[in-house]
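Notes to accompany the following structure.
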Amino acid sequence: MGVQYASKVVLMARDGTIAETGDPQVLMKDQRSRLARLVDKVGGGGDLQRQRSVSSITEDNGGLATKLIDAPPEKADAPAAPAAGKPKVLIAEEERARGAPGLEAYVYYCRACGGLVAFLVPYLVLHVSYNGLQFAQNLMLSRWVDALEGGRGDGGAMWSYVGVSLAVIVAIFARSLFQSLASLRASRVLHAAIASRVVRGPMGWFERTPQGRILNRFSSDMQEIDKEIDKDTMETYGTTIACFFSVASILVVIAYTAPWLIIALGPISALSWAVGRLYLNTSRELKRLDSVTKSPIYAHFTESVAGVSTIRAFAAQQRFLRESFRRVDACNRAHFNLWVSNRWFNIRVQLIGASVALLAGAFLVYWGKDHIAATTAGLALLYALNFTDALKYLVREHALLEMQMNSVERVIEFTQIPQEAPPVVEGRRPPPNWPQHGAIQFTDLTLQYPSATTPVIEGMTFNVEPRTRIGIVGRTGAGKSSLTAALFRLVEPKRGSIVIDGVDILTMGLEDLRSRLAIVPQDPVLFRGTIRSNLDPFDEHTDVDLWSALQRAHLARSVTYIDVDLWSALQRAHLARSVTSLDAVVEEGGSNLSMGQRQLMCMARALVRRASILVMDEATAAVDPETDILIQEVMRSELRDCTILCIAHRLHTIIFYDRILVLERGRVAEYAPPLALLRDPHSLFRALCEKSGALAELLAVAEDEELTRVSGNGGNGNGNGHHGAGAAAADGAH
């Protein structure tokens with residue numbers, strides 16, 4: 001039970017009050033103690049021997065060859081250890097592109113907006129039309145003023161100006177509407193692209209990618225695409241076109257009014273471009289740093305919220321706050337310098353613009369004061385100022401566009417993640433009632449994780465008869481959880497086959513496979529919603545089926561399947577709280593339920609599905625002994641006609657199974673009935689039981705279970721319990 005690890009005090013609560021407290025050694029010696037009675041009831045004896053798990057056993061020289069690490073059971077089997085001096089990093093550092101965004105990013109965004117014909121050509125036409133009309137508007141205004149000053153009739157010039165102004169308004173509206181619709185389409189296309197790729201990503205990719213990095217793509221990067229790229233892209237295109245129009249216009253006007261100013265525009269343009277390139281290179285990299293440093297903030301915040309209870313329990317609030325401040329400061333450094341560089345660029349461009357205006361005014365006053373009309377001089381001065389403004393905005397908007405295209409680059413990166421097999425493969429779909437019996441054949445199975453250099457499972461071959469209960473044991477890294485990953489195709493096998501009821505599962509779609517199997521994981525998975533939505537998310541079963549599953553899982557009051565006294569004791573311990581409504585609220589992750597209730601909910605969900613194959617991935621490793629009793633009771637009484645593969649953490653939970661599968665270094669070491677293995681002095685399973693200190697107890701339970709099978713009152717009646725120690729060879733286990 002683990003009470004031997006308590007330092008001095010044991011607290012036992014009943015109905016919210018302290019029922020017992022004291023030294024565990026003293027309480028265990030008192031037969032009236034609640035702790036002593038509970039330990040005797042769930043097993044373990046009264047001598048407080050350390051009950052070590054399978055993963056914490058040190059082998060003798062003639063047993064399992066190496067010293068095993070005393071650690072909690074593995075969540076997923078890790079690949080083989082890397083070579084010395086080359087540490088293996090599961091989560092890779094986020095990549096940061098260098099240099100200007102590639103043409104691929106611009107082409108991808110253009111296609112998302114509609115492509116060449118539907119977006120780019122109409123957009124350029126609208127921009128050219130707008131800038132041409134704007135130039136015509138200024139020209140008409142100049143002619144109107146000349147007509148007024150010359151005393152000529154101004155009717156024609158005025159109406160020409162009004163007509164061109166209305167055309168400019170229509171062009172602005174058409175350009176803005178087209179721009180908004182194209183941007184909205186691009187945002188939808190890009191979001192749908194990364195969402196579909198992430199949802200279909202393999203489990204290994206999620207293990208290597210922190211949640212904060214994924215959240216950053218869907219929040220910060222998508223926000224940049226939604227809000228900024230729309231404006232910056234259109235402004236850049238518009239400013240580029242406006243700049244060309246300004247250059248052409250000012251060359252025409254200045255060639256007529258102040259030709260010597262053209263000589264000065266060359267060096268001024270070169271200086272502006274040099275300042276702009278320096279700003280472009282700096283701002284682009286600072287923006288990338290700003291984007292990359294946001295991911296650790298999201299990751300740390302998500303992890304802190306999930307583990308806030310643990311943080312408070314260890315009084316680590318200040319340490320986590322300091323770490324959060326450090327990550328925020330790292331992000332703010334890049335963000336601050338980004339906007340400082342923006343101000344640096346603006347000051348220098350404004351100085352250059354003021355120099356151009358000064359030169360233009362000096363030329364006009366000195367050279368054209370006697371023979372250039374005031375309106376013409378004003379138009380020349382206006383275009384001289386517009387020229388520098390156009391250059392400034394061209395560089396600035398181009399820099400902003402490059403910065404925002406960084407988000408498109410990062411989204412494109414997520415559209416290239418590897419994908420799982422298709423959900424449905426037409427022509428390879430299994431029969432509607434598959435699997436009906438639950439027979440499984442593993443043949444020469446070899447499994448290797450993408451980040452590993454050696455297989456974690458190699459050449460594994462064994463058969464599982466229909467309606468057989470198989471207990472799977474082995475040290476950490478032996479391949480237990482990897483076997484589950486192969487069965488559900490979370491990782492595609494490198495070689496071999498897995499056949500269920502005559503159908504090779506490696507050839508069918510993942511939806512067809514996973515929807516026909518059931519699993520109760522070590523960490524129960526519940527979603528925010530109701531009990532109904534968690535048991536039957538696709539609304540495929542009646543309320544009668546759901547209530548029946550809850551009763552059989554001991555979540556709704558029913559004393560048909562369990563001893564009345566035990567049920568009363570569990571109720572007092574708040575482990576068997578009755579479900580009163582299928583519409584009762586379940587919080588995210590089942591946070592409003594105890595760990596035992598969450599695990600029983602997963603059992604009820606498996607019962608609702610009526611699957612012929614159930615995988616128990618160390619489902620009782622993290623629950624209390626009382627919930628363990630309930631789960632074993634459900635498995636004995638409700639899953640007799642189901643093939644069960646149970647990865648074991650507590651040996652006493654699988655001792656009554658039909659067969660024990662012992663894995664070692666990704667291979668089948670032993671595969672036989674538990675009693676046969678316990679009676680074999682050279683058995684690895686027997687060595688595990690001896691090291692746990694419960695060999696005699698486990699042997700007695702196995703003998704009782706064998707007598708029950710022989711008498712015909714227990715088991716599944718398939719005769720697996722009568723195989724001898726040599727059954728492994730007979731079944732083809734290698």
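In this text, residue positions in the sequence shown follow full-length UniProt numbering: the first is 1, and each later residue adds one. Idealized CB from N, CA, C, for every residue including glycine.
Original post:
Bridge partners of Leu663, per DSSP?
Top reply: Gly474 and Val668
Original post:
Do you know how far the Cα of Ser219 is from the Cα of Ile229?
Top reply: 15 Å
Subject >> For Ala549, three-class secondary structure by DSSP >> reply: Assigned with DSSP and collapsed to three states, Ala549 falls in helix.
Original post:
DSSP three-state call for Arg469: helix, strand or coil?
Top reply: When DSSP states are grouped into helix, strand and coil, Arg469 belongs to the strand group.
**OP:** Would you identify the three-state DSSP class for Asn346, choosing helix, strand or coil?
**Re:** DSSP places Asn346 in helix when its eight states are reduced to three.
Subject >> Local conformation of Thr310 per DSSP, three classes >> reply: helix
Subject >> CB of Cys646 within 7 Å of CB of Ile654, strictly >> reply: yes
Original post:
Is Ser581 buried or exposed, if buried means 16 or more other CB atoms sit within 10 Å of its CB?
Top reply: exposed
**OP:** State the start and end residues of the unbroken alpha helix (DSSP H) segment that holds Asn216.
**Re:** Gln211 to Asn216
Subject >> Asn463 - partner residues in DSSP beta bridges >> reply: Note: Asn463 sits in a beta bridge opposite Gln441.
Original post:
In its own chain, which residues sit with a C-beta less than 7 Å from the C-beta of Gly163, not counting the 5 before and 5 after it?
Top reply: none
Subject >> Proximity winner among Arg528, Leu487, Val473 and Ser711, relative to Leu677 (alpha-carbon distances) >> reply: The residue with the shortest Cα to Cα distance from Leu677 is Val473.
**OP:** Note down the Cα distance separating Ile531 from Asp583, rounded to an integer number of angstroms.
**Re:** Whole-angstrom Cα-Cα distance: 6 Å.
Original post:
From this set, Asp504, Met140, Ile172 and Glu465, which residue's C-alpha is nearest Tyr123's C-alpha?
Top reply: Per the Cα distances, Ile172.
Original post:
In chain order, which beta strand (DSSP E) runs of at least 3 residues are fully inside the stretch 490-516?
Top reply: 495-500
Subject >> Cut-off 7 Å between Cβ atoms - residues of its own chain near Leu607, not counting five sequence neighbours on either side >> reply: Ala549, Arg552, Ala553 and Glu638
Original post:
How long is the line joining the alpha carbons of Cys642 and Arg605, rounded to whole angstroms?
Top reply: 15 Å
Original post:
Does DSSP classify Asp617 as helix, strand or coil?
Top reply: strand
Subject >> Phe363 to Trp273 span [Cα, whole Å] >> reply: 24 Å
**OP:** Measure the C-alpha to C-alpha separation of Ser283 and Glu224 and round it to an integer number of angstroms.
**Re:** 16 Å
Original post:
With distances taken from CA atoms, which of Ile311, Arg609, Ala611 and Met603 is nearest Val634?
Top reply: Met603
**OP:** Would you kindly report the start and end of the unbroken beta strand (DSSP E) that includes Cys646?
**Re:** Thr643 to Ile647
Original post:
If you draw a straight line from the alpha carbon of Leu490 to that of Asn463, how long is it in whole angstroms?
Top reply: 21 Å
Subject >> Beta-bridge pairing of Ala518 - partner residues as DSSP gives them >> reply: Leu614
Original post:
Looking at C-beta atoms only, is the number of pairs between the stretch 428-440 and the stretch 511-520 that lie closer than 8 Å three or more?
Top reply: yes
**OP:** Report yes if the C-beta distance between Ser692 and Leu651 is below 7 Å; otherwise report no.
**Re:** Annotated as proximal: Ser692 and Leu651, with beta-carbon spacing under 7 Å.
Original post:
Thr542 by DSSP, collapsed to three states: which one?
Top reply: coil
Original post:
Looking only at C-alpha atoms, which of Arg175, Ala174 and Leu139 sits nearest to Met158?
Top reply: The candidate whose alpha carbon is nearest that of Met158 is Leu139.
Original post:
For the 8 Å Cβ check, are there 3 or more pairs between the stretch 474-494 and the stretch 664-673?
Top reply: yes
**OP:** Using 10 angstroms around the beta-carbon of Gln317, count the other beta-carbons present and answer buried if the total reaches 16, otherwise exposed.
**Re:** exposed
**OP:** Could you tell me which residues DSSP puts in a beta bridge with Thr484?
**Re:** Its beta-bridge partners do not exist; DSSP assigns none.
**OP:** Report the rounded CA-to-CA distance for Ile214 versus Ser196, giving the unit in angstroms.
**Re:** 13 Å
Original post:
Counting along the chain, where does the alpha helix (DSSP H) carrying Gln416 start and finish?
Top reply: No alpha helix (DSSP H) contains Gln416, which DSSP labels as neither H nor E.
Original post:
Between the stretch 448-461 and the stretch 529-546, are three or more C-beta pairs nearer than 8 Å?
Top reply: For the pair of segments examined, the stretch 448-461 was found not to touch the stretch 529-546: the number of CB pairs separated by less than 8 Å stays below three.
**OP:** Determine the DSSP secondary structure at Leu447, reduced to helix, strand or coil.
**Re:** strand
Original post:
With distances taken between CB atoms, is the gap from Ala182 to Phe135 smaller than 7 Å?
Top reply: no
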